[in-house]
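The C-terminal residue of the sequence shown carries number 657 in our numbering, and the numbering is unbroken.
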Amino acid sequence: MPPEFARSLSDSHCGRQAASQFAKARSQPSFCLPPRLSRGLSAVGALPPQVRQFVEQSAATCRPDKVHVCDGSAEENRRLLELLQQQGTAQPLPKYSNCWLARTDPADVARVEGRTFVCTPRMRDAVPAGGAASGQLGNWMSPEDMRAAVSQRLPGCMAGRTMYVIPFSMGPLGSPLAKIGVELTDSPYVACSMRVMTHVSAAVLEALASGEQFVRCLHSVGRPAQPRASARRGWPCDPERTIILHKPDSNEIVSYGSGYGGNSLLGKKCLALRLGSCMARREGWLAEHMLILGITTPAGRKRYVAAAFPSACGKTNLAMMQPSLPGYKVECVGDDIAWMRFDEQGRLRAINPERGFFGVAPGTSSSTNPNAMRTIFSNTLFTNVAATSDGGVFWEGLESELPEGVAVTDWLGQPWERGSGRPAAHPNSRFCTPAEQCPIIDPVWQAPEGVPIDAILFGGRRPEGVPLVYEALSWRHGVFVGAAMRSEATAAAEHKGKVIMHDPFAMRPFFGYNFGQYLAHWCSMERRGGSKMPKIFHVNWFRKDSQGRFLWPGYGENCRVLDWVLRRVEGEDIALGSAVGLLPKPGSLRLDGLRETPDLQQLFSLPKSFWAQEVEDIGRYFEQQVGEDLPGEISEELQALRQRIAQM
Ligand code: GTP
Ligand code: SPV
Ligand code: MN
10 MPPEFARSLS
20 DSHCGRQAAS
30 QFAKARSQPS
40 FCLPPRLSRG
50 LSAVGALPPQ
60 VRQFVEQSAA
70 TCRPDKVHVC
80 DGSAEENRRL
90 LELLQQQGTA
100 QPLPKYSNCW
110 LARTDPADVA
120 RVEGRTFVCT
130 PRMRDAVPAG
140 GAASGQLGNW
150 MSPEDMRAAV
160 SQRLPGCMAG
170 RTMYVIPFSM
180 GPLGSPLAKI
190 GVELTDSPYV
200 ACSMRVMTHV
210 SAAVLEALAS
220 GEQFVRCLHS
230 VGRPAQPRAS
240 ARRGWPCDPE
250 RTIILHKPDS
260 NEIVSYGSGY
270 GGNSLLGKKC
280 LALRLGSCMA
290 RREGWLAEHM
300 LILGITTPAG
310 RKRYVAAAFP
320 SACGKTNLAM
330 MQPSLPGYKV
340 ECVGDDIAWM
350 RFDEQGRLRA
360 INPERGFFGV
370 APGTSSSTNP
380 NAMRTIFSNT
390 LFTNVAATSD
400 GGVFWEGLES
410 ELPEGVAVTD
420 WLGQPWERGS
430 GRPAAHPNSR
440 FCTPAEQCPI
450 IDPVWQAPEG
460 VPIDAILFGG
470 RRPEGVPLVY
480 EALSWRHGVF
490 VGAAMRSEAT
500 AAAEHKGKVI
510 MHDPFAMRPF
520 FGYNFGQYLA
530 HWCSMERRGG
540 SKMPKIFHVN
550 WFRKDSQGRF
560 LWPGYGENCR
570 VLDWVLRRVE
580 GEDIALGSAV
590 GLLPKPGSLR
600 LDGLRETPDL
610 QQLFSLPKSF
620 WAQEVEDIGR
630 YFEQQVGEDL
640 PGEISEELQA
650 LRQRIAQM
């Protein structure tokens with residue numbers, strides 16, 4: 010229990026009871042330590058004092074039956090998986106090597122943005138002046154309300170379960186860019202997933218023993234007040250009371266009620282993005298929802314690109330792409346999160362703080378993402394995909410790869426037939442797989458100093474009006490382009506339908522502080538990089554024709570856009586001004602070898618009425634959601650765009 014909640018809880022009846030029960034429990038041998046750890050650190054008592062305090066206080070409140078300190082070993086993982094099987098959470102997939110399928114409760118399938126809060130003394134520190142406490146740019150809660158929310162949910166929530174203590178590093182341990190966290194969770198599924206997604210090891214505890222700071226991450230799948238009629242055995246959760254709380258001032262996360270993805274793997278969105286963005290602001294760097302890829306040109310020049318697309322909009326696919334243009338090579342550094350900092354030479358350098366991919370399964374196939382397909386069939390934990398009678402997996406997009414005569418069981422465990430109209434896999438079903446298994450993982454993906462970034466892409470699902478690619482006119486204009494991002498809603502969170510949502514920097518669900526201040530922070534980066542600033546671009550693989558068909562083939566063909574981007578970075582004269590930014594000069598986008606010539610006229614057209622509406626929508630959004638926290642530079646960019654569009 011973080012000190013602050015412990016105080017409030019020990020004041021309460023529950024808290025006193027919890028503390029005395031824990032004192033009783035402590036006299037029994039309730040701590041179970043993996044053999045490797047038990048040699049050096051013989052009990053929870055041997056944990057570094059600040060970790061021990063966190064564990065003891067949390068255990069006093071949550072009252073688990075046992076505490077297990079994880080060492081991240083293969084043996085420990087094997088035992089955890091066995092337990093998942095016994096509990097009915099996961100089943101082995103005999104068709105592959107050490108692969109598992111977990112099925113969640115159907116009420117716990119995605120991030121819950123409406124129940125995710127940033128807790129600061131002043132509302133304005135968390136959300137901009139324009140918005141309400143629950144605006145479109147995040148939800149704020151006061152520390153008092155956070156304490157109340159915690160004390161209504163946590164006491165006794167782990168009874169009958171084991172609390173796993175997971176020491177983890179985001180980024181290679183010892184990198185100046187890395188951060189340490191300790192997650193306490195009552196979910197063995199989370200323990201297994203964290204081992205894939207982060208660096209879990211006893212060495213992290215050793216680093217903490219020498220006084221390193223860490224983020225306190227407390228997670229419970231929860232315990233509903235009333236048993237739920239529709240509850241799935243093997244996937245405890247409390248959807249009605251799910252809540253995800255972040256306290257940037259003290260680097261604390263409390264997540265209750267959900268076992269799924271970003272709600273429960275607290276190193277990912279909670280630490281690396283929400284608290285990460287706050288640390289980044291304090292320390293002068295950037296924590297972003299971005300992939301990082303390396304690309305080598307036929308001439309042998311290698312550069313790195315970072316790209317921010319909203320959830321389920323193509324980061325994993327671009328990060329692992331197999332380029333269709335001969336002579337190009339793409340290598341993957343990361344598929345979801347980038348931590349970036351200007352070095353002493355003014356070069357922006359990025360690390361991927363994660364160690365695995367938690368990627369969207371549907372749509373992944375040998376034709377769309379062959380490198381993902383070469384990654385995910387060993388040591389992978391699949392969640393909510395469909396199962397096949399030959400011991401394998403299936404999802405939408407794999408139809409042509411499904412062996413003859415094989416029966417399919419859908420993500421709910423029901424028999425499934427093609428053409429039934431129901432999806433076999435949940436649209437937000439995912440694979441959790443070690444990054445090092447990716448055949449095109451970059452040789453320096455773990456380099457402690459990170460890789461130098463030459464271009465930043467922003468993009469989203471824009472069926473209408475937005476061209477395939479354009480270049481920002483300056484860093485400041487690029488920041489505006491990021492701020493003005495919009496995209497069709499996806500299944501990664503609770504939003505329904507295909508509405509076009511504002512999703513600035515692909516960070517809307519992940520800002521840890523006031524978005525207006527975030528924009529000012531981005532603008533200020535120009536002082537750090539000077540002449541070495543990366544160029545900024547906007548891309549859109551998702552424009553459709555009047556029949557609703559994609560105008561651009563996407564996937565491996567996106568390297569044609571990267572080719573144009575890299576040539577712009579080299580300073581080639583292949584761009585032409587337009588109202589929205591610089592477009593490729595006619596003939597400069599390579600189309601050689603494409604099976605079908607795309608309709609470039611439609612792909613690049615800038616309908617004046619569309620853009621007039623767009624600029625008004627963006628203006629209204631800024632006014633209503635950001636208000637007076639909008640930096641002057643960004644309102645000037647909006648005004649300049651408005652004028653350029655008026656003159657179209
Ligand atoms: P998160 O992990 O949620 O942050 O998502 P992500 O941005 O990594 O998304 P991902 O790459 O997994 O893509 C999600 C969906 O978009 C998949 O179903 C893909 O098949 C589809 N997709 C990705 N790239 C393209 C593309 O170039 N064109 C088209 N049409 N679809 C794409
Ligand atoms: C996203 O939604 O952007 C994800 C998946 O990457 S989750 O980890 O669930 O947030
Ligand atoms: Mn993501």
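For every residue, glycine included, the Cβ atom is placed at its ideal position computed from N, Cα and C.
Report task. Please state whether DSSP places K505 in a helix, a strand or coil. Result -> As a first step, residue 505 is located in the sequence shown; it is residue number 496 there, counting from the start. It is coil, neither helix nor strand.
Query raised in the report: Any chance the CB of D345 is under 6 Å from a heavy atom of ligand 3?
Result: Here residue 345 refers to the residue found at position 336 of the sequence shown. Checking the Cβ of D345 against ligand 3 gives yes.
Query raised in the report: CB-CB under 6 Å to W348, same chain, minus the five flanking residues each way: which ones, in chain order?
Result: On the sequence shown, position 339 is the one that residue 348 refers to. So the list reads L186, A296, I360 and P362, once near-sequence residues are dropped.
**Report entry** Where the alpha helix (DSSP H) through R485 begins and ends
**Finding:** In the sequence shown, counting from the first residue as 1, residue 485 sits at position 476. It spans W484 to A492 - the alpha helix (DSSP H) in which R485 sits, taken as one unbroken run.
Report task. Tell me where the alpha helix (DSSP H) around S286 begins and ends. Result -> By one-based count along the sequence shown, residue 286 stands at place 277. Start and end: G285 to E292.
Query raised in the report: What distance in whole Å lies between the Cβ atoms of L227 and L193, which are believed to be in contact at a cut-off of 8 Å?
Result: If you number the sequence shown from 1, residue 193 lands on position 184. If you number the sequence shown from 1, residue 227 lands on position 218. Indeed, because the Cβ distance is near 5 Å, the residues count as touching under 8 Å.
Query raised in the report: Is A679 helix, strand or coil by DSSP?
Result: The requested residue 679 is not part of the displayed model; the chain covers only 10 to 657.
Requested in this report: Using 6 Å as the cut-off, classify the Cβ of R120 as near or not near the heavy atoms of ligand 2, replying yes or no.
Outcome: Against the sequence shown, residue 120 aligns to sequence position 111. Answer for R120: yes, Cβ within range of ligand 2.
Query raised in the report: Which one of A444, G428, E445 and W404 has the shortest CA to CA distance from A434?
Result: The residue you call residue 434 lines up with position 425 of the sequence shown. Ranking the options by Cα distance to A434, first place goes to W404.
Query raised in the report: With respect to 6 Å, is the separation between the Cβ of A272 and the closest non-hydrogen atom of ligand 1 below this value?
Result: Numbered from its first residue, the sequence shown carries residue 272 at position 263. The question names Ala, yet the displayed sequence has Asn at residue 272. Not so, every heavy atom of ligand 1 lies at least 6 Å from the Cβ.
Query raised in the report: Taking the C-alpha atoms as reference points, what is the distance between M382 and Q652?
Result: Taking the first residue of the sequence shown as position 1, residue 382 is located at position 373. Taking the first residue of the sequence shown as position 1, residue 652 is located at position 643. Computed Cα separation, rounded: 47 Å.
Query - Three-state class that DSSP yields for L302 in the structure shown - result: Along the sequence shown, one-based indexing puts residue 302 at 293. Three-state result, L302: strand.
Requested in this report: Would you kindly work out how many angstroms separate the C-alpha atoms of A200 and P335, rounded to a whole number?
Outcome: Your numbering for residue 200 matches position 191 in the sequence shown. Your numbering for residue 335 matches position 326 in the sequence shown. Their backbone Cα atoms lie some 42 Å apart in a straight line.
Requested in this report: Under 6 Å Cβ to Cβ from Q100, same chain only, skipping five residues before and after it: list those, please.
Outcome: Translated into the one-based positions of the sequence shown, residue 100 becomes position 91. The residues are L110.
Requested in this report: Pull up the DSSP beta-bridge partners for R480, would you.
Outcome: For the purposes of this step, residue 480 is taken as the residue at position 471 of the sequence shown. A quick correction: the sequence has Glu, not Arg, at residue 480. Per DSSP, F546 and L591.
**Report entry** P319 to L407 span [Cα, whole Å]
**Finding:** One-based indexing of the sequence shown puts residue 319 at position 310. One-based indexing of the sequence shown puts residue 407 at position 398. The straight-line gap from Cα to Cα measures roughly 24 Å.
Requested in this report: Check whether the Cβ of N86 lies closer than 6 Å to any heavy atom of ligand 1, and answer yes or no.
Outcome: Locating residue 86 in the sequence shown gives position 77, where the first residue counts as 1. Result no, Cβ not under 6 Å from ligand 1.
Query raised in the report: What are the uninterrupted segments assigned as beta strand (DSSP E) that are 3 or more residues long and contained completely in the stretch 57-108, given in chain order?
Result: Qualifying beta strand (DSSP E) stretches, in chain order: 75-78 and 99-101.
Query raised in the report: CB of F367 to nearest heavy atom of ligand 2: below 6 Å?
Result: Sequence index remark: in the sequence shown, residue 367 carries index 358 (1-based). True, at least one ligand heavy atom lies under 6 Å from that Cβ.
**Report entry** Alpha-carbon to alpha-carbon, F489 and I583
**Finding:** Your numbering for residue 583 matches position 574 in the sequence shown. Your numbering for residue 489 matches position 480 in the sequence shown. Taking the straight line from one Cα to the other gives about 23 Å.
Report task. State the start and end residues of the unbroken beta strand (DSSP E) segment that holds C226. Result -> Here the question's residue 226 lines up with position 217 in the sequence shown. Run containing C226: V224 to S229, per the beta strand (DSSP E) assignment.
Report task. For my contact list, T397 and V415 are in at a C-beta cut-off of 8 Å; report their separation, rounded to the angstrom. Result -> The residue labelled residue 397 in the question sits at position 388 within the sequence shown. The residue labelled residue 415 in the question sits at position 406 within the sequence shown. That pair is a contact at about 5 Å.
Query raised in the report: Given that a residue counts as buried once 16 or more other Cβ atoms are within 10 Å of its Cβ, and exposed if not, what is V394?
Result: Walking along the sequence shown from the start, residue 394 turns up at place 385. Classification for V394: buried.
Query raised in the report: Closer than 6 Å: is that where the CB of K278 sits relative to any heavy atom of ligand 2?
Result: Counting from 1 along the sequence shown, the entry for residue 278 is found at position 269. K278 Cβ: within cutoff of ligand 2.
Query - Straight-line gap, G270 to A119 (C-alpha atoms, nearest Å) - result: The residue given as residue 270 occupies position 261 in the sequence shown. The residue given as residue 119 occupies position 110 in the sequence shown. Cα to Cα, G270 sits roughly 7 Å from A119.
Query raised in the report: So is the beta-carbon of W550 under 6 Å away from any non-hydrogen atom of ligand 1?
Result: Residue mapping note: residue 550 aligns to position 541 of the sequence shown, counting from 1. It does: the Cβ of W550 is within 6 Å (strictly closer) of some heavy atom of ligand 1.
Requested in this report: Would you tell me roughly how many angstroms separate the C-alpha atoms of Q95 and A69, rounded to the nearest one?
Outcome: Taking the first residue of the sequence shown as position 1, residue 95 is located at position 86. Taking the first residue of the sequence shown as position 1, residue 69 is located at position 60. So the two alpha carbons sit approximately 27 Å from each other.
Report task. Evaluate A316 with the Cβ neighbour count: other Cβ atoms within 10 Å of its Cβ, from every protein chain shown; 16 or more gives buried, anything less gives exposed. Result -> To locate residue 316, count along the sequence shown from 1; it is residue 307. By the neighbour-count rule (16 or more Cβ atoms within 10 Å), A316 is buried.
Requested in this report: Output the distance between the C-alpha atoms of M167 and P233, rounded to the nearest integer angstrom.
Outcome: Here residue 167 refers to the residue found at position 158 of the sequence shown. Here residue 233 refers to the residue found at position 224 of the sequence shown. Per the coordinates, the alpha-carbon of M167 lies some 12 Å from the alpha-carbon of P233.
**Report entry** CB-CB length for L639 against V570, believed under 8 Å
**Finding:** On the sequence shown, residue 639 is found 630 positions in, with the first residue counted as 1. On the sequence shown, residue 570 is found 561 positions in, with the first residue counted as 1. Actually they do not touch by this definition, with Cβ atoms about 30 Å apart.
Query raised in the report: Can L300 and K324 be called in contact, C-beta distance under 7 Å?
Result: Sequence index remark: in the sequence shown, residue 300 carries index 291 (1-based). Sequence index remark: in the sequence shown, residue 324 carries index 315 (1-based). Yes.
Query - Rounded straight-line distance, which links the Cα of Q526 to that of S533 - result: In the sequence shown, the residue the question calls residue 533 occupies position 524. In the sequence shown, the residue the question calls residue 526 occupies position 517. Whole-angstrom Cα-Cα distance: 10 Å.
**Report entry** 7 Å Cβ cutoff met for V78 and V174
**Finding:** Residue numbering aside, residue 78 sits at position 69 when the sequence shown is read from its first letter. Residue numbering aside, residue 174 sits at position 165 when the sequence shown is read from its first letter. Cβ distance < 7 Å, so V78 and V174 count as in contact.
Requested in this report: Would you mind reading off the limits of the alpha helix (DSSP H) that contains R312?
Outcome: Mapped onto the sequence shown, residue 312 falls at position 303. Element bounds for R312: not the alpha helix (DSSP H) but the beta strand (DSSP E), K311 to A317.
Report task. Kindly indicate the opening and closing residues of the beta strand (DSSP E) around P432. Result -> In the sequence shown, counting from the first residue as 1, residue 432 sits at position 423. Premise fails: P432 is in no beta strand (DSSP E) and is neither H nor E.
Query raised in the report: How big is the Cα-Cα spacing for R537 and D626?
Result: By one-based count along the sequence shown, residue 537 stands at place 528. By one-based count along the sequence shown, residue 626 stands at place 617. Roughly 32 Å separates the two Cα atoms.
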